[in-house]
Amino acid sequence: MSQNKLAERTRFTFPPYTYTYDSTRWDDLEIPADTIYLRDGWSHEHSLPDHITKAAKDAIDRGSRYIFTGDLELRQAIADKLQKANQISVNPKDEILLTNGGSEAMFLSVWSIVNEGDEVIFADPGYVCGWAPNVLMSGGKMLYIPAKEERRFRIDPEDVERSITKRTKMILISTPDNPTGAVLNKNDLEEIAELSIEHDLIVVFDESFEKIMYRSYPGSIASFPGMKNRTITINGFAKNYNMPGYRIGYAAGPKIFIDKMARIQSHTTVSTSDIGQAAALAALTGPQHWVEEAVKVYRARRDLLVEGLNRIRGIRCVKPDGYFAAFPKIDAFGMSSYEFARYLLKEAHVKVDYSSRMEGVRAEGYVSMGFSSSSEQQIDEALDRISAALEKL
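Numbering-wise, the sequence shown is residues 952 to 1344 according to the numbering used here.
1. Could you have a look at Pro-1097 and say whether DSSP puts it in helix, strand or coil?
2. Note down the Cα distance separating Phe-963 from Met-1088, rounded to an integer number of angstroms.
3. What residues in its chain sit with their C-beta under 6 Å from that of Leu-1296, if we drop five residues either side in the sequence?
4. Pick helix, strand or coil for Lys-1008, following the three-state DSSP scheme.
5. If I'm right that Pro-1108 touches Ile-1153 with Cβ under 8 Å, what's the distance once you round it to whole angstroms?
6. What does a CB cutoff of less than 6 Å around Gly-992 pick up in its chain, not counting 5 residues either side in sequence?
7. So, using beta-carbon positions, are Arg-1313 and Pro-1097 closer together than 8 Å?
8. For Ile-1281, which residues of its own chain have a beta-carbon under 8 Å away from its beta-carbon, when the five flanking residues on both sides are left out?
9. For Thr-1236, report the span of its alpha helix (DSSP H) as first-last.
10. Would you call the CB atoms of Ala-1361 and Ile-982 closer than 8 Å?
11. For the alpha helix (DSSP H) containing Ala-1030, list its first residue and its last residue.
12. Name the two residues that bound the continuous alpha helix (DSSP H) containing Asn-1261.
13. Is it the case that the Cβ atoms of Leu-1135 and Val-1111 are separated by a distance below 8 Å?
14. Alpha carbon to alpha carbon, how far is Ile-1207 from Gln-1027?
15. Any idea if Asp-1151 is buried or exposed, counting beta-carbon neighbours within 10 angstroms, 16 or more meaning buried?
16. Rounded to a whole number of angstroms, what is the C-alpha to C-alpha distance between Gly-1187 and Asn-1051?
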């Protein structure tokens, strides 16, 4: 079949994660049996507690059903959480939409608002592979703002202000950020809020890693004066509760936005899984200590990895304030991110992620090293191997 039969919008898509995000797809390299994988994500030792899995099993036993826009009891629990934890007041009946993971919330928020030629501001490095295709397929244009290492990868409100034009319509913010682990502080949020009001911009605020944070919570931008009616808050259960396969996320915001997002959803995925919603309700209303205990473990592993990396000649690494991975700078070795990752796999038997193509052009010269899913012993061993391999250069 000829390529010219395809829709033009497909040019802006990335292949599925199974093909590209896992950089072990190097067919010319054999993966050594003793390879240490510095992956992000939850550790296998922190499995879901019984009250969540039981809720899912009970839902299966009850029988499956459609729940358009989401179960009201779950939406009420989300509204209660937003009020208590984020100081955001929303009506669960028409200001919350349950989505198939946070990814669908991202898609729906962009496709319900962005028109041809509209400009959308986003951080680079950042979760480009998640946001950019949605913006570009909708006809919008990405305005990338540098997330500078000297600012711990937090975007600078002054750079945001300089980038705004008459065509700018939206600011996308992910905090904590993937892959940098950056967390915007209260001053950053206040200044961005002021710019949004001054220039009549919409903010989509992604808090998908809200619980995976190693500093005090700075607040949600929707809670700042004048921001509630111009902010869509996105969150979910995959990262915060180790529930990626349940595919439950949500968007909260003004009724005018949520209504249009729900309409688009009704013509695409229709609704989210009622089994996943039952599990999400149990996660949200049940004990939270198991998440807090896991984050304490990840904080210690973060410190171990970052401090060890900074002792290796040629590597510089900012300690991330959130997320599951470190983002060290490695360009001193005269290799691209891809070449560096290949070298470590071949010479050190350590697997790291080099996904600069998917995380922005400014991600080049950095790699991502997960700390959350590896034991302290594995991290120590990986550091020793990395150091020995780089000494050969």
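Where a beta carbon is used, it is the ideal one built from N, C-alpha and C, also for glycine.
On the basis of the data shown:
1. strand
2. 6 Å
3. Lys-1302
4. helix
5. Rounded, the Cβ-Cβ distance is 17 Å, inconsistent with contact.
6. Phe-1275 and Ser-1324
7. yes
8. Gly-1265, Ile-1266, Ser-1288, Phe-1291, Gly-1316, Tyr-1317 and Val-1318
9. 1225-1236
10. Residue 1361 is absent from the model: the chain starts at 952 and stops at 1344.
11. 1023-1037
12. Taken as a continuous stretch (DSSP letters only), Asn-1261 belongs to no alpha helix (DSSP H), as it is neither H nor E.
13. no
14. 19 Å
15. exposed
16. 9 Å
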